[in-house]
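Working notes for the structure below.
Number of protein chains: 2
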Amino acid sequence: MAETLRFLIDKTDTPIGELVIIADRDGHLRAVDWTEHEGRMRQLLRLHYGAGGFELDPARNPGGLTETMRTYFSGRLDAIDALSVRTEGTPFQRDVWAALRDIPCGATVSYSEVAKRIGRPAAVRAVGMANGANPVGIVVPCHRVVGANGSLTGYGGGIERKRWLLDHESRVRRASTA
Amino acid sequence: MAETLRFLIDKTDTPIGELVIIADRDGHLRAVDWTEHEGRMRQLLRLHYGAGGFELDPARNPGGLTETMRTYFSGRLDAIDALSVRTEGTPFQRDVWAALRDIPCGATVSYSEVAKRIGRPAAVRAVGMANGANPVGIVVPCHRVVGANGSLTGYGGGIERKRWLLDHESRVRRASTA
DNA sequence: CCATCGATGTCCGAAAACCGCGAGCGCGCA
DNA sequence: TGCGCGCTCGCGGTTTTCGGACATCGATGG
């Protein structure tokens, strides 16, 4: 591939670890992950854009996205709802990720329910795979998908963080509706 | 892959069939093949630039390249020597293709000789593969590579055309040195 | 003299493995 | 009987692996 996409990279602290944020110059979010897993994230980028297909230039609060993430963590959960995400991925994955964004904050859904919603009720386990391949943690809320019996099953960032995020969302929601 | 390279496409007749010419907007030749094999050529482009990674806009004599090709066929063989080529391909393939351009017009070289020249004397058969994967026929003169015993072996455009091209080159050269 | 074989890089198709699931079943335990 | 736990197996998209084909040629053995 001849061309090179130039992305912007920033980092920020959260109560549960440092976050890496990748954005493009049009203000679209391209990837989000924990610094701890930056290697894995870069590998995913390589997969999607090619080995030399992109470059990461350090930046401060690109497109206001870093600030938006901080806002979410500080308690204004709906901050990330309007945020514009742009990713690659197979058609199936894109279907799944789109369905994830429709899960309202504070709610959880089972893998099979997601499968049903994208019209492939049997592709339950594949939904799990697609979840794991999600480049944009938190904003595409793969943490809101849990086992049919309510168990947390798995999370790329670690079950602990999944639990924290769900707590965070239900906690704040409870406070605001009270 | 996000963006799309916009190439220019033109066609022209030759004594041995119609030629397709793909150029970029900087005047570099990107691909050349016979109209008869346009499908195969597009597949190669897809391989190199991605399925939706490029687009072909019809153009007339882009970068003067069509005219240059016509000049070659009309007898000014060195017309294609200076012409700028830009292609993708693996490191090995690029080595091979570079070596091909060093074969002087009118001369022929064996596959094993090419292998020797790129420093991998044992990769003889692989040179054959790389030859077949050459996107830029004629200009990158894969037709000047023949069997160790002088037989024509193979040619993507058909042995007949290979023979014609070699005849053409030796004929004109003989005439000019006489 | 002729047939066979091995080395070499790349692509392609087929097949298998991999999983962030979930339903069904058997079993142990009151 | 009734419940819960854990094992097993089928599910389906994606990735990985593997084998074969090929624009050759020189060495070997019959």
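Read top to bottom, the protein sequences are chains A and B. All residue numbers for the first sequence refer to this note's numbering, where the first residue is 2 and numbers rise by one. All residue numbers for the second sequence refer to this note's numbering, where the first residue is 2 and numbers rise by one. Every residue, glycine too, gets a C-beta built ideally from N, C-alpha and C.
No residue range can be given for A:R26, since it is assigned to no beta strand (DSSP E) and is classified by DSSP as neither H nor E.
DSSP, read as helix, strand or coil, puts B:V173 in helix.
Where B:D96 is concerned, the enclosing alpha helix (DSSP H) starts and stops at P92 to R102. The continuous stretches of alpha helix (DSSP H) do not include A:T5, and DSSP gives it neither H nor E. By the 16-neighbour rule on beta-carbons within 10 angstroms, B:K163 is buried.
One Cα belongs to A:A83, the other to A:G76, and the distance between them is close to 16 Å.
Annotation: A:S113 to A:A100 spans about 12 Å, alpha carbon to alpha carbon. With contacts defined as CB atoms closer than 8 Å, A:T72 and A:A80 qualify as a contacting pair. Taking each of A:L153, A:K12 and A:T154 in turn and checking the Cα distance to A:P59, the smallest one comes out for A:K12. Burial state of A:N132 is buried, judged by a 10 Å Cβ sphere holding 16 or more other Cβ atoms. For the beta strand (DSSP E) assignment, the uninterrupted runs of no fewer than 3 residues enclosed by the segment 41-95 of chain A are, from N- to C-terminal side, 55-59. Scanning its chain for C-beta atoms nearer than 6 Å, with the 5 sequence neighbours on each side dropped, one finds around B:L57 the residues F8 and I10, in chain order. For B:L166 and B:P105, the gap between their C-alpha atoms comes out near 13 Å. Taking all protein chains in view, the Cβ of B:D168 is surrounded by fewer than 16 other Cβ atoms within 10 Å, so the residue is classified as exposed. A:D168 has no beta-bridge partner at all, per DSSP. The three-state secondary structure of A:I22, taken from DSSP, is strand.
Between the segment 114-127 of chain B and the segment 168-177 of chain B, the count of Cβ pairs shorter than 8 Å is below three; the stretches do not touch. For A:G148, same chain residues with a beta-carbon under 6 Å away, outside a window of 5 residues either side, are T154 in chain order. Pairing A:V128 with A:L46, the inter-Cα distance amounts to about 20 Å. In this structure, A:L66 and A:I22 form a Cβ contact; the two beta carbons are roughly 6 Å apart against a cut-off of 8 Å. In the three-state reduction of the DSSP assignment, B:I119 falls in the coil class.
Looking from the CA of B:G90, the closest CA among B:P122, B:A24, B:E68 and B:H49 belongs to B:H49.
Listed in chain order, the non-local C-beta contacts of B:T36 below 8 Å within the same chain comprise K12, G18, E19, L20 and V21, local neighbours out to five positions each way being set aside.
Judged by DSSP in its simplified three-state form, A:V141 adopts coil rather than helix or strand. In the DSSP assignment, A:A127 falls within the unbroken alpha helix (DSSP H) covering V125 to G133. Distance from the CA of B:D27 to the CA of B:G64, rounded to the nearest whole angstrom, comes to 7 Å.
In this structure, B:V125 sits away from B:A32, with a CB-CB distance that is not shorter than 8 Å. Residue burial is scored here from C-beta neighbours: B:A24 has at least 16 other C-beta atoms within 10 angstroms and is therefore classed as buried. In the DSSP assignment, no residue is bridged to A:S113. In this structure, B:V141 lies near B:W98, with their beta-carbon atoms less than 8 Å apart.
In this structure, A:T5 lies away from A:F74, with their beta-carbon atoms at least 8 Å apart. B:N150 sits exposed, since fewer than 16 C-beta atoms from the chains shown fall within 10 Å of its C-beta. Counting only residues of its own chain and dropping the five nearest sequence neighbours on each side, B:T69 has a CB closer than 8 Å to the CB of A80, I81 and L84. A Cβ-Cβ distance of about 4 Å is found for the pair B:D96 and B:I119, placing them in contact under the 8 Å criterion.
Ranked by Cα distance from B:M130, the first of B:F93, B:A108, B:T15 and B:G159 is B:F93. Counting only the Cα atoms, B:M42 lies some 42 Å from A:C143.
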